[in-house]
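Presented below is the structure to which this report refers.
2 protein chains.
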Amino acid sequence: MYERKIVPNLNCGLDLIGEVLYGKWKIRLLWFINEGHKRPSELQRKIPDATRRVLNIQLKELEDHELVTRKIYPVVPPKVEYSLTEFGKTLIPVISTLGNWADTNEEHLRSVILKRLRTAHPDFVGQP
Amino acid sequence: MYERKIVPNLNCGLDLIGEVLYGKWKIRLLWFINEGHKRPSELQRKIPDATRRVLNIQLKELEDHELVTRKIYPVVPPKVEYSLTEFGKTLIPVISTLGNWADTNEEHLRSVILKRLRTAHPDFVGQP
DNA sequence: TCAGATAGGGATAAATTTTTCCCCTATTGT
DNA sequence: ACAATAGGGGAAAAATTTATCCCTATCTGA
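In order, the protein sequence lines correspond to chains A and B.
Letter 8 of the first sequence, counting from 1, is numbered 8 in our numbering, and no numbers are missing.
To get our numbering, take the position in the second sequence, counting from 1, and add 1000.
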């Protein structure tokens, strides 16, 4: 595993959020687990842009941070299910707020993001 | 400037949020600008753990994404002020929600974060 | 005259995150 | 025998993000 060289600072609330939610796929993982997609393979199908490997890594972090639990069923082929902890569930309204904001502003967001991509990264080709 | 090699995908709302808010200091920048700390030097004093350089870079991205505006006063020494756009202001309640969650759960968060740091990165020495 | 404040940027290095590639477990079905 | 499925994980490469270092400019105050 990678060994951090710079210790994070945990002064304010936003620092703490950073530690637990800063990871490209974490919010989506929490969201989909909440929606009932509990098995690793399901989650991977829901998030095809991430590799199996990263999802495992980020799920492990979520587990270490006590936002999800991992239950292994001793069957063959193996079966694993993730669930939100009570603590993890308290995040759902927060994630909803984020998602709602994005949905409400989807058009504008998409437009400014694409504009920046086109100028800053000219080889980007997206939807018009 | 760094040239992206992998094009981001912008399928769902959470992808869009990632593009505009994924940056170590962006949420704090928006927060402090909203609180009235508008000048670059003020922002740097509020966020001493970030270097001037990164703040400039992230502020530029926020500007490109039309969350903030940058006003230059033609005086010497130079004076610059950032403000939230109307679009940027709509993010404030969202950031509040995040901050409130973190404040409410500060103790627990701190505890699980430190626990993980201690086991995963044994050379970490933090508060007990 | 020199230090400090103000704002900014290029080049490069370091840190961190994510991807790629390959390998392992065991059972079931062909 | 062999592939498929379900779940993993290590090592190394690639991508990306942050940090470091050094340089620009002008004015004010000691």
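The beta-carbon is built from N, C-alpha and C at its ideal position, and this holds for glycine as well.
Item, Value
"Keeping to the same chain, check which residues put their C-beta closer than 6 angstroms to that of lysine 46 of chain A; ignore five residues upstream and five downstream.", "Phe32 and His37"
"Quick one: Cα of isoleucine 1017 of chain B to Cα of leucine 98 of chain A, how far?", "8 angstroms"
"Taking the beta strand (DSSP E) that lysine 79 of chain A belongs to, which residues open and close that run?", "79-84"
"Give the interface partners of alanine 1102 of chain B over in chain A, defined as CB-CB distance under 7 angstroms, in chain order.", "Gly13, Leu14, Leu16 and Ile17"
"Return no unless some Cβ of chain A is closer than 8 angstroms to the Cβ of glutamate 1035 of chain B.", "no"
"Kindly provide the ranges of any alpha helix (DSSP H) runs that are 4 or more residues long and lie completely inside the stretch 31-78 of chain A, ordered along the chain.", "40-46 and 52-64"
"Which residues of chain B have a Cβ atom closer than 7 angstroms to the Cβ of glycine 99 of chain A, listed in chain order?", "Gly1013 and Leu1014"
"State yes or no: is the beta carbon of arginine 116 of chain A nearer than 8 angstroms to at least one beta carbon in chain B?", "yes"
"Determine, using beta carbons only, whether leucine 55 of chain A comes closer than 8 angstroms to chain B.", "no"
"Between the Cα of tyrosine 1082 of chain B and the Cα atoms of B:Tyr1022, B:Lys1024, B:Asn1009 and B:Gln1058, which residue gives the shortest distance?", "B:Gln1058"
"Classify asparagine 1105 of chain B: buried if its beta carbon has 16 or more other beta carbons within 10 angstroms, exposed otherwise.", "buried"
"Would you mind telling me which residues of chain A sit closer than 7 angstroms to leucine 1010 of chain B, beta carbon to beta carbon, in chain order?", "Arg110 and Ile113"
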